[in-house]
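Letter by letter, the sequence shown follows residues 2 to 173 in the working numbering. Virtual Cβ for every residue (Gly too), placed ideally from N, Cα, C. Only one structure is covered here, and it is reproduced in the block below.
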Amino acid sequence: MSQVEVFIDAERIAARVAELGAQIRADYGDKTILCVGVLKGSILFMSDLIRAIPGDVRCGFLGVSSYEGTESTGIVRITHDLRQPIEDCHVLVVEDIVDTGLTLEFLLQTLSVRKPASIKVASLLDKSARRKVDVPVDYVGFPIEDRFVVGYGLDLDEQYRNLPYVGLFKGA
Ligand code: 5GP
């Protein structure tokens with residue numbers, strides 16, 4: 002664990018997630034929100050965020066895979082699809098991090114053809130300096146610089162997802 006240094010601690014995450022939940026509910030009014038968590042990185046953010054949004058919130062999960070080690074392969078594929086139709090639903094895509102934006106672009110294209118009533122994006126982290134495509138991120142937990150982070154759901158080859166904080170990976 003010494004290869005990882007605390008970057009955003011659990012208290013800061015909890016405070017920001019509470020703010021986001023309140024803001025999201027205020028923006029949607031009394032509408033039902035279908036939160037679509039993107040597996041696996043968003044699991045912790047998703048579970049905290051849905052508890053921070055009062056009112057009617059439903060959940061679905063989509064699995065995508067685009068990374069090997071610390072580098073994007075650029076090829077996005079669905080490893081697990083939603084189990085429910087999203088037509089006429091207010092979909093909130095819940096991501097761990099938006100980096101190049103390629104994963105999110107693919108997801109938004111894939112979901113929008115299913116005719117949701119609306120589609121927005123909440124991402125815990127936003128590495129906007131690395132963006133290759135212009136994608137909307139409606140709710141951002143923390144903008145971050147171009148650093149490789151792990152923890153709070155984010156992994157390196159499946160390790161570190163269980164850290165309660167976002168950490169900087171310092172290398173071996
Ligand atoms: P994008 O398609 O925007 O380049 O990448 C999005 C996905 O790449 C994220 O959902 C996440 O799984 C992974 N990713 C991007 N940056 C990082 C990072 O700094 N750390 C980890 N662990 N994963 C990242």
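Asked                                                                                      : Found
Bounding residues of the alpha helix (DSSP H) (the contiguous stretch that carries Ser113) : 103-113
Unbroken alpha helix (DSSP H) run spanning Ala15, endpoints                                : 11-29
The ligand 5GP heavy atom lying under 7 Å from the CB of Phe143                            : no
Rounded Cβ spacing between Ile145 and Lys128 (contact assumed at less than 8 Å)            : 6 Å
Near the ligand 5GP: Ser67 beta-carbon under 7 Å from a heavy atom                         : yes
Whole-angstrom C-beta distance between Phe62 and His81, which should lie under 8 Å         : 7 Å
Best match in Ala23, Gln24, Leu35 for proximity to Pro117 [C-alpha to C-alpha]             : Leu35
Inter-residue spacing [alpha-carbon to alpha-carbon] between Asp31 and Leu108              : 26 Å
C-beta atoms of Ile14 and Tyr153 nearer than 8 Å                                           : yes
Exposed unless 16 or more other CB atoms sit within 10 angstroms - verdict on Glu96        : buried
Extent of the continuous alpha helix (DSSP H) to which Phe1 belongs                        : Outside the modelled stretch of the chain, which goes from 2 to 173, sits residue 1, for which no answer is possible.
Helix, strand or coil at Ala118 according to DSSP, with G and I counted as helix           : coil
Reference Asp147, options Ile44, Arg131, Arg26, closest by Cα                              : Arg131
Alpha-carbon spacing of Arg162 relative to Val58, whole angstroms                          : 24 Å
Arg148 - DSSP class collapsed to helix/strand/coil                                         : coil
Distance between Gly56 and Glu159 (C-alpha atoms, nearest Å)                               : 33 Å
Residue burial classification, Lys171 (beta-carbon count within 10 angstroms, cutoff 16)   : exposed
Asp49 versus Gly22, Lys41, Ala27, Val37, residue with shortest Cα-Cα distance              : Gly22
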